[in-house]
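Trainee:
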Amino acid sequence: MSDRRSASSATSKSPASRPDEGPTAARQASAISLLRRFWSFARPHRRWLLSGLALIPIVAGMSTLRPLLVKHAVDVDIPGGDALGLRLTAMAFLGAVIAEFLCQATQMYALQRAGYSTIYDVRRTVFAHVLRLPNRFFDNHAMGSLLTRTTTDVEALSETMSFGVFTILSDIVIIGSILVAMFVLSPKLALISFTVAPVLFFLVRYVGAALRRLQLEVRKAQAGQTGFLAEQLAGVTVVQLFGREDDARNQYARLGSRYLRATKRANWLDALLYALMDGISAFSIALLLYFAAPEVAVENGAISLGLLFAFVDYLQRVFGPIKEFSGKLATIQRAAASLERIYGLLDEPAEDRAEPDARDPLARWKGGLHVRDLQFRYKDDGPDVLRGISFDVAPGEVVAVVGRTGSGKSSLGRVITRFYDGYRGSVGLTGHGEAGTKAVELRDVPPEQLRRHVLMVQQDVFLFNDDVGFNVSLGEAGLAGDDERLLRALRVVQAEGVVQARGGLSFSVGERGDNLSAGEAQLLAFARVAAREPTLLILDEATANVDSLTEQKVQAAIEQLLQGRSVLVIAHRLSTVRRADRILVLSEGRVAEQGTHEELMANKGLYAELYEMGFGEGEGEDKDKDEKDEADRE
Amino acid sequence: MNSVFRFLYRYARQNIPQYALGGVMLFATNYVVVRIPAIIGEALNVLEIGGSQALHDSQNLAIELVILGLTVMVVRTLSRVLFFNPGRDIEYRLGVDIFGHLLSLQRPFYMRHKVGELTSIASNDTQAVRLLVGFAGLQVCNVLVAIPLHLYQMWATDPVLTLWCLAPVTLGALYMRWTVRRFFGMIRESMQLLARLSDRVLETYTGIGTVRAHAAEQAALDRFEERNGEYLRLQLRVTAIRAFGMPILGVSGMVAAGIVLWVGGQRVLDGLMPVGNLATFTALLLSLVGILMALAWVLAAISRGIVSLGRIEKVVDTPADLPPVEEAVTLADPPRLSLRNLTFTYADGDEPALYDVSADVAPGTTLGIFGKTGSGKTTLINLLARVQTPPPGSVFVDECDVTSVDLGVLREATAVVPQSPFLFSTTLRENLRLAEADPWADRATQDDDDARLREVLAAACLEEDVRQLPDGLATVVGERGVMLSGGQRQRASLARALYRMRPLLLLDDVLSAVDQGTEARLVEAIRNLRGGTLTNESPTTVIVSHRTSVLEHADEILVLDHGRVVERGTHAQLVARGGLYAETHLHQGSESEGGEPS
């Protein structure tokens, strides 16, 4: 499979992976549509979201109120010698502090909870969608990038949800309420204090923009260095065999010094930005004192001392959040890019699914197949792999398919299970109870309903890192937890003894089945079939070499599976071929011959030739050689 | 612990002057930072008194404030840069040293460690160390300077009020320390949960065919949900701590500010201190709280940094496992190769991978190795290439035991094509010219007229493939470029070795993924190396394959089965004998007669 992917990935680098380019206006429009779509995920959690948002103004109000209480103490209580009043004011102050803390904590919790719950839903949606993507999609996309969409991109989104968006919102509201308070208290003093604001604005903007550019460069340099490192270590033997250690080290140092230069410059700007805030706040207070002094110093001036107290407090707090803004905006932009990639994936068309309570069209199917002029190709511009195949399978019949690599026999199984859609010709599923019932056309049966009746067992057995029970039941309702049925299935394929010896159904098979031998893994895969009892079994016989003892068991298990159902077996064993009721010999996507073993041998055609070779395919490493050839041909 | 600091000192030594200057700047910064509230308070005090003198004084104080503001901008910038930039230098030096050392470690080391783990040490752990020597260094020094200065200024302003305020702030700081520790515990756990989640995603995506064939999507989703759910639950716990636990120190500062208003206000009423001190005090308090908050984070950064340093030290101190070389050997061109009763067992293996293998390969001849998967073919090649170290006295080149031959000399004389071809994410041309000096350097223009390159492309049957690539030889291949097919990768890997062309050529099943027509041409090309144009002398060649057609021309063929030589002889002899080799030959031979559809 990997090779087919490789050939096409040259041309089909997914458009979603392209960084966001294009005019700003378009990007803003897309930002709005991104958000609108995101809302559909956030909607179910809107209670937390809205209650969090509702608390923001209260938090802002409380934090603006505190300096006013100080002002009251300085202007009213202390000059009036009112000890009781002072105590009341101080108590009110403490009350405001506690209230602010509680509101803020609740607000933060509510918003982050909404954020994380939304992300949880996004992650599930992405995962569930990938499960439903057609096989063709997997041929064209590397596993790594799919994994990135489901984890890394979602995680980037999560970080922004929890830190970026909401803190910016509450910062803005707090700054806004402080500004309002200052202008209400004394527009003149407010204006005086903010004469430095334009300077600040430009400095922050300028330094911030430069810093962002540098940070982009830092990230790029870092990614370059880490990527180089990972690759060199993966290929370290080649580097060593070619004696290129010194060059690799030098290159790493070069990449590292690019990163070093960028980070050092970023450090300067970052430190400057940080220090600017300290300085600016001192300047604005100095301005305040200088220009307010004449009015305070004069008896009964327009400005009270308490007002200065309040302003000093406000000015110490109002500049703080500004320096974080640009950084937070940058994380939001990154999250938007992640979101776009996630949507790109979600927009990939998925396989059809049946209506939730749809009638099973195959409920009474007995497993007959009526294939006429079946043609199929993997890619629209690719060559046909199946070029007009016609054959029948009667209910309960065992049909062996043989042919060289590239003859199309594996593709036949993939079409009949709807792993790949888009065949031409007709595949009728015939034999529904009483004679005369109409055939159901394959393409009209939703894949998941089809696969409850048609089961394909592939050569390479995939085992989940879970126990034997799960690996046989695969979580199917009615099967999972029914130990009796699972054990019976294992017994049918003669694997019960092995499993019991290892500790029963709860024996963990390990990562990718490491705790089992190849033959044992085969048997588990067969047990899946035995437990499900499909109407039609498509068996891609493994050629992998297992030890002779297991080999006997595998043979016996296959023999069991062939009984009582229709079977299409892509055969590699002579015994299997002989056992078949009929043999279909494929060549270059066509049926070259068909008949029983004896008939075909008498024919002295392709079958006889294949028989001489033992139906093998080398060491079985080129399991997908037919597609590979195709890819090479292009 | 001590060794960790010695290790750190080794890397930080060069930057001591910067750190010293940074320390001075830090002191200056903190001095100014505590002066600013004092001056504000003073100004408020004189304004309260009123009168023209007060006006004059307060305006002077305002000017002083401006000067202090300017000063703090300069000294704070410098203090941060002087601490942070050496941290970057150290990160850089550490990273290069780690990578350099990793390059000197051989296969046995890489069998014990995953690439991901090593990458993480070279990048994440060096970052943790950088935070330790940069951010943490700054904060520790800052705390040492700032806390006494703040306390001094507060005490100088009003001792009674200082004592009142310290109580809630100290409690807050202790709570914060505890919370941060718990928080980091949870963060570690959440990273593990995220990794578990990713594992499950990867597992499901890898087994998607099985999931689909059995219509087991719902079960796959349920399994995913287990992990997704446990991750969410932990995130919500982290959120609760972040929302309700983390702000406590800040709140304790605000509570102390309330106390300042209450107690301090009373003291002003009682005439024990001027009203402006209230402002001074509150500002100092908030600044102190900020420093204490940083302290709590810093303690965490320090412990993580030390753990990381330990991990780094372990890698850097892993011996390169290269035997000392007594005599400098020069190898003949081409060399003689001998195996004498070679038995080899992997460090983690129970049974020998190779058992009692002997062979003599005369200069310029070809030894073929035939066997099935798992028969020990690749192990043999790896021992010859010294990717794995054979036991002494079993593998000889030119009568010298390979374990005592300088690895550089040996590899300089050898061209190896490993079984799984590895291409780097660079242009195809640079991949092929890997043997050249500095293959990864940026080279703006490169001539396609390299005659040798063209010859090699032809020999490896790559010309047609190169023509089809979007940018020909300049196409970026590998992980981050155009993915080549298995056969193309193998041929590129072969071309790379041919370009290098050394007197000893080791080919490990390099034609397994090419079709039979191409195989025949490649075998021909390899055979033509004898006295061909790419080499002056024919190289001594060891060629491994599971296909008899590849081995036909070998001077001697060893048939391996489970690590033992079960048959040996020339192709003709082996076919005549009618053993395992002959059987396979018959089988494979009839296959090729049928002809491959193409």
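Each protein sequence line maps, in turn, to chains F and Z. The first sequence begins at 0 in numbering that gives the first Met the number 0 and counts up by one. The second sequence begins at 0 in numbering that gives the first Met the number 0 and counts up by one. Positions of the beta carbon are idealized from the N, C-alpha and C atoms, including for glycine.
Hey, is Thr575 (chain F)'s beta-carbon within less than 9 Å of any beta-carbon in chain Z?
Mentor: Closer than 9 Å: no.
Trainee: If you reduce the DSSP assignment to three classes, tell me which class Leu535 (chain F) lands in.
Mentor: If DSSP states are grouped into helix, strand and coil, Leu535 (chain F) belongs with the strands.
Trainee: How big is the Cα-Cα spacing for Arg243 (chain F) and Thr378 (chain Z)?
Mentor: Whole-angstrom Cα-Cα distance: 23 Å.
Trainee: Assuming Ile284 (chain F) contacts Val317 (chain F) (C-beta within less than 8 Å), just tell me the rounded distance between them.
Mentor: Rounded, the Cβ-Cβ distance is 11 Å, inconsistent with contact.
Trainee: By Cβ distance, which residues of its chain are closer than 7 Å to Ser185 (chain F), with the 5 residues on each side in sequence left out?
Mentor: Cβ within range, chain order: Ile302 and Leu306.
Trainee: Determine which residues of the segment 256 to 279 of chain F have a Cβ less than 8 Å from any Cβ of chain Z, and write them out in chain order.
Mentor: Answer in chain order: Ser256, Tyr258, Leu259, Thr262, Lys263, Asn266, Trp267, Asp269, Ala270, Leu271, Tyr273, Ala274, Leu275, Asp277, Gly278 and Ile279.
Trainee: With distance defined between alpha-carbon atoms, name the residue in Z:Ala135, Z:Ala239, Z:Gly136 and Z:Arg211 nearest to Thr178 (chain Z).
Mentor: Nearest option by C-alpha distance: Z:Ala239.
Trainee: So Val576 (chain F) and Val401 (chain F) are supposed to be a Cβ contact under 8 Å. How far apart are they, rounded?
Mentor: Going by Cβ atoms, the distance from Val576 (chain F) to Val401 (chain F) rounds to 7 Å, so yes, they are a contact pair.
Trainee: In three-state terms, what does DSSP make of Thr365 (chain Z)?
Mentor: Thr365 (chain Z) falls in the strand class under three-state DSSP.
Trainee: Restricting to runs no shorter than 3 residues, where is the beta strand (DSSP E) found entirely within the segment 126 to 155 of chain F?
Mentor: The segment 126 to 155 of chain F contains no whole beta strand (DSSP E) run of 3 or more residues.
Trainee: Run through DSSP, which three-state label would Leu330 (chain Z) get?
Mentor: Here Leu330 (chain Z) sits in coil by DSSP.
Trainee: According to the neighbour-count rule (16 or more other Cβ atoms, all chains shown, within 10 Å of its Cβ), is Val23 (chain Z) buried or exposed?
Mentor: It is exposed - the Cβ of Val23 (chain Z) has fewer than 16 other Cβ atoms within 10 Å.
Trainee: Roughly how far, in whole angstroms, is the beta-carbon of Leu462 (chain F) from the beta-carbon of Leu523 (chain F), given that I think they are within contact range, below 8 Å?
Mentor: About 7 Å; that satisfies the 8 Å criterion.
Trainee: Could you give the distance in angstroms between the alpha-carbon of Phe525 (chain F) and the alpha-carbon of Glu350 (chain F)?
Mentor: Whole-angstrom Cα-Cα distance: 26 Å.
Trainee: For Glu463 (chain Z), count neighbouring Cβ atoms within 10 angstroms of its own Cβ and tell me buried if that reaches 16, exposed if not.
Mentor: With fewer than 16 Cβ atoms within 10 Å of its Cβ, Glu463 (chain Z) is classed as exposed.
Trainee: With 16 as the cutoff for other CB atoms within 10 Å, does Thr159 (chain F) come out buried or exposed?
Mentor: With 16 or more other Cβ atoms within 10 Å, it is buried.
Trainee: Is the beta carbon of Phe308 (chain F) sitting closer than 9 Å to the one on Val73 (chain F)?
Mentor: Cβ distance < 9 Å, so Phe308 (chain F) and Val73 (chain F) count as in contact.
Trainee: Is the segment 551 to 567 of chain F close to the segment 380 to 399 of chain F, with three or more CB pairs under 8 Å?
Mentor: As far as the Cβ criterion goes, the segment 551 to 567 of chain F touches the segment 380 to 399 of chain F, which means the pair count is three or higher.
Trainee: Against Ala299 (chain Z), what residues of chain F qualify as contacts under a CB-to-CB distance less than 8 Å, listed in chain order?
Mentor: Chain F residues near Ala299 (chain Z): none, gap ~18 Å exceeds 8 Å.
Trainee: Residues in its own chain within less than 7 Å of Asp441 (chain Z) by CB, not counting five upstream and five downstream?
Mentor: The pLDDT assigned to Asp441 (chain Z) is 47, lower than 50, so where the model puts this residue is not dependable; a value taken from the coordinates is nonetheless given after this. Once the five neighbours on either side are set aside, Asp441 (chain Z) has no close Cβ partner at all.
Trainee: For Gln554 (chain F), return the contacting residues in chain C, with the cut-off set at a CB-CB distance below 9 Å.
Mentor: The displayed structure is made up of protein chains F and Z, and chain C is not among them.
Trainee: Which chain Z residues are close to Glu475 (chain F), counting only those with a beta carbon under 9 Å from its beta carbon?
Mentor: Within 9 Å Cβ-Cβ: His213, Ala214, Ala215, Gln217 and Ala218.
Trainee: Helix, strand or coil: how does DSSP classify Lys365 (chain F) here?
Mentor: Three-state DSSP puts Lys365 (chain F) in a strand.
Trainee: Closest to Tyr498 (chain Z) by C-alpha separation, out of Z:Arg526, Z:Gly270, Z:Arg432 and Z:Asp560, would be which residue?
Mentor: Residue Z:Arg432 is the option with its Cα nearest to Tyr498 (chain Z).
Trainee: Excluding the 5 residues flanking Pro16 (chain Z) on each side, which residues of the same chain have their C-beta closer than 7 Å to its C-beta?
Mentor: Around Pro16 (chain Z): no qualifying Cβ.
Trainee: Which of the three DSSP states, helix, strand or coil, is assigned to Glu20 (chain F)?
Mentor: Residue placement at Glu20 (chain F) is flagged as unreliable, the pLDDT there being 41, under the threshold of 50; the coordinate-derived value follows with that caveat. Coil.
Trainee: In the DSSP assignment, the beta strand (DSSP E) including Tyr377 (chain F) goes from what residue to what residue?
Mentor: First-last for Tyr377 (chain F): undefined, no H or E at that position.
Trainee: Does the segment 131 to 146 of chain Z come close enough to the segment 253 to 265 of chain F that 3 or more CB-CB pairs lie under 8 Å?
Mentor: No, because fewer than three Cβ pairs between the segment 253 to 265 of chain F and the segment 131 to 146 of chain Z fall closer than 8 Å, the two stretches do not touch.
Trainee: Around the Cβ of Ser511 (chain Z), are there at least 16 other Cβ atoms within 10 angstroms (buried) or fewer (exposed)?
Mentor: Looking at its Cβ environment, which holds 16 or more other Cβ atoms inside 10 Å, Ser511 (chain Z) is buried.
Trainee: Compute the distance between the beta-carbons of Val132 (chain Z) and Ile186 (chain Z), then report whether it is under 9 Å.
Mentor: Their beta carbons are not under 9 Å apart, which means Val132 (chain Z) does not touch Ile186 (chain Z) by this criterion.
Trainee: In the DSSP assignment, find the unbroken alpha helix (DSSP H) run with His570 (chain Z) in it and report its ends.
Mentor: His570 (chain Z) -> alpha helix (DSSP H) spans His570 to Arg576.
Trainee: How big is the Cα-Cα spacing for Asn59 (chain Z) and Tyr18 (chain Z)?
Mentor: In a straight line, the C-alpha of Asn59 (chain Z) is about 35 Å away from that of Tyr18 (chain Z).
Trainee: In angstroms with no decimal places, state the Cα-to-Cα distance between Ile331 (chain F) and Thr70 (chain Z).
Mentor: Taking the straight line from one Cα to the other gives about 34 Å.
Trainee: So with Cβ pairs under 9 Å, would you call Val274 (chain Z) a contact of chain F?
Mentor: Taking Cβ atoms only, chain F reaches closer than 9 Å to Val274 (chain Z), which makes this a yes.
Trainee: Check the Cβ-Cβ distances between Ala229 (chain F) and every residue of chain Z, and say whether any is below 9 Å.
Mentor: By this cut-off, Ala229 (chain F) is an interface position.
Trainee: Taking its Cβ as the centre, do 16 or more other Cβ atoms sit within 10 Å of Arg466 (chain Z), making it buried, or is it exposed?
Mentor: The residue is exposed, with fewer than 16 neighbouring Cβ atoms inside 10 Å.
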